[in-house]
Structures are given as C-alpha cells and as structure tokens.
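Trainee: Residue numbers (the numbering used here): 2 to 224. First, the structure itself, so that you have it in front of you.
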C-alpha cells in the first residue's frame with residue numbers, strides 16, 4: 002500500500018470534505034424548512050394539504066435515495082430544464098442539493114409531526130384561550146417546545162444524511178466518496194483512498210454526535 006497517494010491528492014480530499022459538509026448542511030437546512038411544511042400539512046384536516054403531504058412523505062421514505070438521485074439527475078431536472086431554456090442542465094452539485102433536500106424533508110416531516118403531536122393539547126388550548134390564533138400559538142408555544150424534543154432525531158437525520166451524501170458519487174459530485182473513487186482509479190491503490198475517506202466520515206459523525214448534537218441538547222433542554 003502506497004499511502005503517499007493520499008498526500009499527493011490531498012487537494013481532492015480537502016475539496017471533497019468541504020463539498021460534503023456544504024451538501025449536507027444545505028440538505029438539512031432546506032429539508033428542515035420543507036419538512037416543517039409537509040409535517041404540518043400531514044396534520045392538517047384539509048385534504049388539499051394533507052393528501053399531497055402524505056403522498057410526498059411516503060414516496061420519498063419508501064424509495065431508495067440512490068434511485069431518487071438517478072431520477073432527479075438524469076430525468077426530472079433535465080426534463081424541467083428543457084422546458085425553460087436550451088442551456089445545458091445544471092451541474093451534479095445542484096442535483097446533489099436537490100436530492101438531499103427532498104429526501105431529508107420527508108424524514109424531517111415525520112420528526113416534526115411526531116414532535117408536535119407529543120406536546121400536550123392543553124398547551125394549544127391555553128394559548129387559544131388567551132386570544133392567540135392557531136398559527137400564532139403553533140409558532141410561539143408548540144413548535145419551540147417540540148423542537149427541544151426533536152433535537153436528538155434531527156441530529157440523527159443530519160448524521161444519516163452526511164453518510165448518505167456519499168451516494169452522490171454515482172453522478173460525479175465532487176464530495177468525499179467521489180474523491181476516494183477518483184484517487185483509486187488514478188493510482189490503482191485501493192486501501193489508502195478508501196480508508197482515508199472512511200476515517201474522515203467517522204471523525205465527522207463522531208464530532209456531530211458527541212459534540213454538536215449533545216451540546217445543543219444540553220443547551221436547549223430545560224433544567
């Protein structure tokens with residue numbers, strides 16, 4: 002094994018590291034916003050909101066992310082793009098943002114739904130008795146309390162999405178897994194590049210689970 006290839010291609014690994022962080026962060030950020038809307042939509046008594054939300058969540062939770070990436074990159078985005086412009090479709094990086102965000106939204110929607118429903122209905126009733134609208138009570142009373150309970154699940158989703166981002170290598174997105182594959186193909190070395198990206202993923206997940214997530218839980222958990 003020639004471990005010098007790791008240093009030789011260090012810029013590729015560094016770029017892959019930052020792309021992985023950016024892809025995951027954007028995916029979880031956009032997924033959280035979309036997930037809140039779909040989570041509230043599933044809980045709505047209005048079928049115009051609840052049915053599409055239910056269908057969306059079931060489709061994205063019931064199909065592999067790998068297949069979603071292929072469909073979005075090779076079929077959905079090019080088809081939509083051709084309707085508006087003759088320019089080439091956007092890069093694989095854009096596809097990565099879209100695929101991770103849409104996938105995360107489905108799982109986060111369930112996290113929001115479970116978190117909101119775990120709050121005693123008396124909280125909403127008390128807020129309404131004080132003259133608050135349902136939307137205002139949800140925003141100021143229910144969701145902040147539910148968010149604290151959702152932190153562990155959101156943290157787990159962040160870690161899962163970080164590891165799942167490696168699937169974007171199949172469409173040549175310049176993240177960590179693609180960096181490892183590129184180095185392996187260029188140098189015919191297998192262990193050094195793959196063990197390197199495995200170690201980086203391990204350090205990232207440990208950092209997120211042990212420091213970031215637990216730190217947020219301690220900060221926002223009532224004492």
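Even for Gly, the Cβ is constructed at its ideal location relative to N, Cα and C. None of these values were measured; they are calculated from a predicted model.
Mark residue 116 as exposed unless 16 or more other C-beta atoms lie within 10 angstroms of its C-beta, in which case mark it buried.
Mentor: Taking the chain shown and counting its residues from 1, one reaches residue 116 at position 115. Counting Cβ neighbours within 10 Å, residue 116 comes out buried, since at least 16 surround it.
Trainee: For residue 90, which residues from the same chain have a beta carbon less than 7 Å from its beta carbon, with the 5 sequence-adjacent residues on both sides left out?
Mentor: Your numbering for residue 90 matches position 89 in the chain shown. Closer than 7 Å at the Cβ level, and outside the excluded window around residue 90, lie 78, 79, 82.
Trainee: Taking the straight line between their C-alpha atoms, what separation do you get for residue 72 and residue 55?
Mentor: Looking up residue 72 in the chain shown gives position 71. Looking up residue 55 in the chain shown gives position 54. Residue 72 and residue 55: Cα-Cα distance of roughly 20 Å.
Trainee: By the 10 Å Cβ neighbour count, where 16 or more other Cβ atoms means buried, how is residue 114 classified, buried or exposed?
Mentor: The residue you call residue 114 lines up with position 113 of the chain shown. The residue is buried, with at least 16 neighbouring Cβ atoms inside 10 Å.
Trainee: Between 2, 12, 4, which has its C-alpha nearest residue 180's C-alpha?
Mentor: Counting from one through the chain shown, the residue named residue 180 turns up at place 179. The shortest C-alpha separation from residue 180 is found at 12.
Trainee: In angstroms, rounded to a whole number, what distance separates the CA positions of residue 170 and residue 176?
Mentor: Taking the first residue of the chain shown as 1, we reach residue 170 at position 169. Taking the first residue of the chain shown as 1, we reach residue 176 at position 175. If you take the alpha carbons of residue 170 and residue 176, they lie about 7 Å apart.
Trainee: Could you round the C-beta distance between residue 25 and residue 166 to whole angstroms and report it? I think they count as a contact, below 8 Å.
Mentor: For the purposes of this step, residue 25 is taken as the residue at position 24 of the chain shown. For the purposes of this step, residue 166 is taken as the residue at position 165 of the chain shown. Rounded, the Cβ-Cβ distance is 5 Å, consistent with contact.
Trainee: Determine the closest residue to residue 157 out of 105, 87, 126, with distance taken between C-alpha atoms.
Mentor: By 1-based counting over the chain shown, the position of residue 157 is 156. It is 105 whose Cα lies nearest to the Cα of residue 157.
Trainee: In whole angstroms, what separates the C-alpha of residue 205 from that of residue 15?
Mentor: Taking the chain shown and counting its residues from 1, the one referred to as residue 205 is at position 204. Taking the chain shown and counting its residues from 1, the one referred to as residue 15 is at position 14. Going from the Cα of residue 205 to the Cα of residue 15 covers about 13 Å.
Trainee: Within 10 angstroms of the Cβ of residue 189, are there 16 or more other Cβ atoms? Answer buried if so, exposed if not.
Mentor: Within the chain shown, numbered from 1, the residue matching residue 189 stands at position 188. Burial call: exposed.
Trainee: Going by DSSP in three states, residue 150 sits in which element: helix, strand or coil?
Mentor: Residue 150 sits at position 149 when you count from the first residue of the chain shown. It is helical.
Trainee: Less than 8 Å separating the beta-carbons of residue 2 and residue 193?
Mentor: The residue you call residue 2 lines up with position 1 of the chain shown. The residue you call residue 193 lines up with position 192 of the chain shown. The answer is yes: Cβ separation under 8 Å.
Trainee: Could you pull the start and end residues of the alpha helix (DSSP H) that residue 104 belongs to?
Mentor: Working through the chain shown from its first residue, we reach residue 104 at position 103. Residues 93 to 118.
Trainee: Evaluate residue 69 with the Cβ neighbour count: other Cβ atoms within 10 Å of its Cβ, from every protein chain shown; 16 or more gives buried, anything less gives exposed.
Mentor: Taking the first residue of the chain shown as 1, we reach residue 69 at position 68. By the 10 Å Cβ count, residue 69 comes out buried.
Trainee: On a Cα-Cα basis, can you pick out the residue from 22, 122, 196 that is closest to residue 143?
Mentor: Here the question's residue 143 lines up with position 142 in the chain shown. Answer by Cα proximity: 122.
Trainee: Please work out which residues of its chain come closer than 6 Å, Cβ to Cβ, to residue 110, disregarding the five sequence neighbours upstream and downstream, and give them in chain order.
Mentor: Looking up residue 110 in the chain shown gives position 109. Taken in chain order, the residues that qualify are 36, 39, 40, 58.
Trainee: Under 8 Å by Cβ, that's how I've got residue 1 and residue 146 pegged, so tell me the actual separation to the nearest angstrom.
Mentor: Outside the shown range of the chain, which is 2 to 224, sits residue 1, and nothing can be said about it.
Trainee: Of all the alpha helix (DSSP H) runs that stay within the bounds of the stretch 185 to 216, which reach a length of 4 or more residues?
Mentor: The stretch 185 to 216 contains these whole alpha helix (DSSP H) runs: 192 to 208.
Trainee: Following the continuous alpha helix (DSSP H) through residue 140, name the residue where it begins and the one where it ends.
Mentor: As a first step, residue 140 must be located in the chain shown, where it is residue number 139. Here residue 140 belongs to no alpha helix (DSSP H), and DSSP marks it neither H nor E.
Trainee: Under 8 Å, do residue 149 and residue 6 count as touching if we go by C-beta distance?
Mentor: The residue labelled residue 149 in the question sits at position 148 within the chain shown. The residue labelled residue 6 in the question sits at position 5 within the chain shown. No, they are not a contact pair.
Trainee: Check whether the Cβ atoms of residue 162 and residue 60 lie closer than 8 Å to each other.
Mentor: Your numbering for residue 162 matches position 161 in the chain shown. Your numbering for residue 60 matches position 59 in the chain shown. Their beta carbons are not under 8 Å apart, which means residue 162 does not touch residue 60 by this criterion.
Trainee: Tell me whether residue 34 is buried or exposed, calling it buried when 16 or more other Cβ atoms sit within 10 Å of its Cβ.
Mentor: For the purposes of this step, residue 34 is taken as residue 33 along the chain shown, with counting starting at 1. By the neighbour-count rule (16 or more Cβ atoms within 10 Å), residue 34 is not buried but exposed.
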